[in-house]
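Enquirer: Plus 743 on top of the position in the sequence shown (first one is 1) and you've got the working numbering. Note that beta-carbon positions come from the ideal geometry of N, C-alpha and C, so glycine has one too. Since this is a predicted model, take the numbers as computed values, not measurements.
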Amino acid sequence: MLYGQMMQDQLTITKILQHANRFHAGSQIVSKTSDDKIHRFRYDQFYRRVCQLANALVKAGVQSGDRIGTLAWNDHRHMEIYYAASCIGAVCHTINPRLFDDQLTFIANDAEDKFLFFDPQFYGKVSELKDTFESIERYIVLSDAKPEAADAQGVEVYEDLIANEAESFNWPELDEKQASALCYTSGTTGNPKGVLFSHRSTLIHALSVSGGDWLCVRQKDSILPVVPMFHANAWGIPYAALMNGAKLVLPGYALDGPNLHTMLNEEQVTLMAGVPTVWLGLLEYLNRNNLTIDSVDRMMVGGSAAPMAIIREFEEKYDVRVMHGWGMTELSPVGTLGALKSHQANLPPEDRYQIQALQGRPLFGVDLRIVDEDGNIQPHDGKAIGALQVKGPWVVGSYYKDASPDSFTEDGWFETGDVAAIDPEGYLIITDRTKDVIKSGGEWISSIELENVAVGHPAVAEAACISIKHSKWGERPVVCVVLKEGADADPEDIKAVYEGQVAKWCIPDEIILVDELPHTATGKLSKLELRRKFEGYSLKTDEA
Ligand code: AMP
């Protein structure tokens, strides 16, 4: 074999940290902290504090491969742990505070976390669960003071931990395949599963996501990831921003309309990223108060299907280009992103929105295919629907401590558990989770499509479609709908919206108004819980 003669530099997160410090020292990281203050510093100051934390961790006996747990919102201290833990060769294990208590216990014990860094807001939760954690040796509150609670015993203060440490660190040479971070999936059935990212997978994922057609991250950008750092690395933005010297704006716990609006304007944000629910909240607040977000140029939405209404409204009212993406924790997490191809860019708006509402095209590095029930590969014609499988250098190859052979095909593809079509241009069309598909008279009906149509009705805030047993058709769709605050609508009016938008046999049998819909810890609709609630429900259309 003839080898290339390039340097064998390892692709490690340390390289991002050092590059940010050397070449973008003046770029800023701005955070809303847990005590409602704005914290602002430059990359070089950030670097010095990462060194201090690295020194403290090493002094405390943290070894290569040890897991360091975090229970925290997006702010500068969480960023410091991201980098210090990974760059000393340990693993930053982000834990989702919205999980149920027994899942938190399971996750911390399964990961064998040695340290737990947590925001003051989670002090109550940590105290309650402390006795169930088997491996955690030290508890550190992310603050400059102890929580007020009388028994804050055994809790150390972050600022004290790093205060007297040196502001430089002799970073070890790491192997790019070494684990850098760990994140558990939300696990709607059974226990959550751990996904162990490597330095290499994290770095090339961030490189690819930053690309020109995608997030197009530039030094002049100001980026606000609303997507939490405790879930799937905040879509890689903590790495992509530092690679490119962009300003990073971290919103802390404050994800509501007023707070986001203030941060977007005061920090002149150009790019924002988050799940549809957050954007619906922001839109509602902007519309109600006649406000603008003039600096924002583009946004990424994903994590669950983005209704077309979001895409249209952000573009037409606020001049923000919406990129709809699909991903999973198991994909580090981004797999596809929406960017129009040159021949689509000048289509009439309604035609463009149709394309932008699809889940986007694969980033370089991600290969996609769909297969039928017998494993036959299906064509990319936008019509054939099948189980979605993926492959690539930032796709999980095996779960942490859990072989899960069912999740992988014999030829090495990962089974996403999603059902999808792929169109001839490569756009992904997610129709369902495998567990949520609706089969009526032998035909599949897309619950996501029916939810999107319902949300297109002006009075509808949120919609969830599930199947109900039917004696003739096997299953029929119903859509549960939450109305916008103060709005009023008749279920039949909402049903009328489907006429002409979906095939007649796909029109839901019933629209059911509900006060709220159940969500998982990652903010996705919990169809499992909704189905449980409607178990035994009999449809008026079922005459048996
Ligand atoms: P998680 O690992 O918690 O991020 O969840 C991943 C799952 O979220 C995927 O397998 C999809 O079912 C769903 N998902 C993510 N993005 C989208 C999207 N844009 N449209 C529809 N479903 C999505």
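#1: Compare the beta carbon distance of S923 and H942 with 7 Å and say whether it is the shorter of the two.
#2: Is the beta carbon of A1202 less than 7 Å from the beta carbon of A1232?
#3: If I'm right that F973 touches A815 with Cβ under 8 Å, what's the distance once you round it to whole angstroms?
#4: Ligand 1 and Q1102: does the residue's C-beta get closer than 6 Å to at least one heavy atom of that ligand?
#5: Mind checking whether the beta-carbon of D874 lies closer than 6 Å to any heavy atom of ligand 1?
#6: What residue does the alpha helix (DSSP H) around A1294 start on, and which one ends it?
#7: Which residues mark the beginning and the end of the beta strand (DSSP E) in which C794 is found?
#8: Using the Cβ count rule (16 or more neighbours within 10 Å means buried), how would you classify K1144?
#9: What does DSSP give as the partner residue(s) for Q962 in the beta ladder?
#10: Can you list, in chain order, the residues of its chain with a C-beta nearer than 6 Å to that of C1249? Leave out the 5 residues immediately preceding and following it.
#11: Check this for me: beta carbons of R1064 and R1041, under 7 Å apart or not?
#12: Determine, using beta-carbon pairs with one atom in the segment 951–968 and one in the segment 1104–1118, whether at least three such pairs fall under 8 Å.
#13: Under 7 Å Cβ to Cβ from K780, same chain only, skipping five residues before and after it: list those, please.
#14: Tell me the DSSP secondary structure of S951 in three-state form.
#15: Could you have a look at V1138 and say whether DSSP puts it in helix, strand or coil?
#16: From the DSSP output, in three-state form, read off V1180 for me.
#17: In three-state DSSP terms, what is P1019?
#18: Does the Cβ of R1176 lie closer than 6 Å to at least one heavy atom of ligand 1?
#19: Does the Cβ-Cβ distance between T813 and I831 come in under 7 Å?
#20: Only counting the same chain, and skipping five residues up and downstream in sequence, which positions put a Cβ closer than 6 Å to that of L1288?
#21: Which of helix, strand or coil does DSSP assign to S774?
#22: Quick check: the Cα distance between Y996 and C1223, rounded to an integer number of angstroms?
#23: Please return the same chain residues whose Cβ sits closer than 8 Å to the Cβ of K758, not counting the five positions on each side in sequence.
#24: So E871 is in the alpha helix (DSSP H); what residue range does that whole segment cover?
#25: DSSP three-state call for V900: helix, strand or coil?
#26: E1027 to H1200, Cα distance in whole Å?
#27: Just verifying my parser: in three-state terms, what is the DSSP assignment at I1191?
#28: Name, in chain order, the residues that DSSP records as bridge partners for D1175.
#29: In three-state terms, what does DSSP make of K990?
#30: With a Cβ-Cβ cutoff of 7 Å, do E899 and I879 count as a contact?
#31: Would you tell me roughly how many angstroms separate the C-alpha atoms of N1032 and K1060, rounded to the nearest one?
Expert: The short version:
#1: yes
#2: yes
#3: 7 Å
#4: yes
#5: no
#6: Past the edges of the chain, shown from 744 to 1287, lies residue 1294, and the structure says nothing about it.
#7: Taken as a continuous stretch (DSSP letters only), C794 belongs to no beta strand (DSSP E), being part of the alpha helix (DSSP H) at 786–802.
#8: exposed
#9: DSSP lists no partner for Q962.
#10: I1188
#11: yes
#12: yes
#13: none
#14: helix
#15: coil
#16: coil
#17: helix
#18: yes
#19: no
#20: A question about residue 1288 goes unanswered here, because the residues of the chain that appear run from 744 up to 1287.
#21: strand
#22: 29 Å
#23: D752, L946
#24: 866–872
#25: strand
#26: 14 Å
#27: helix
#28: V1162
#29: strand
#30: no
#31: 13 Å
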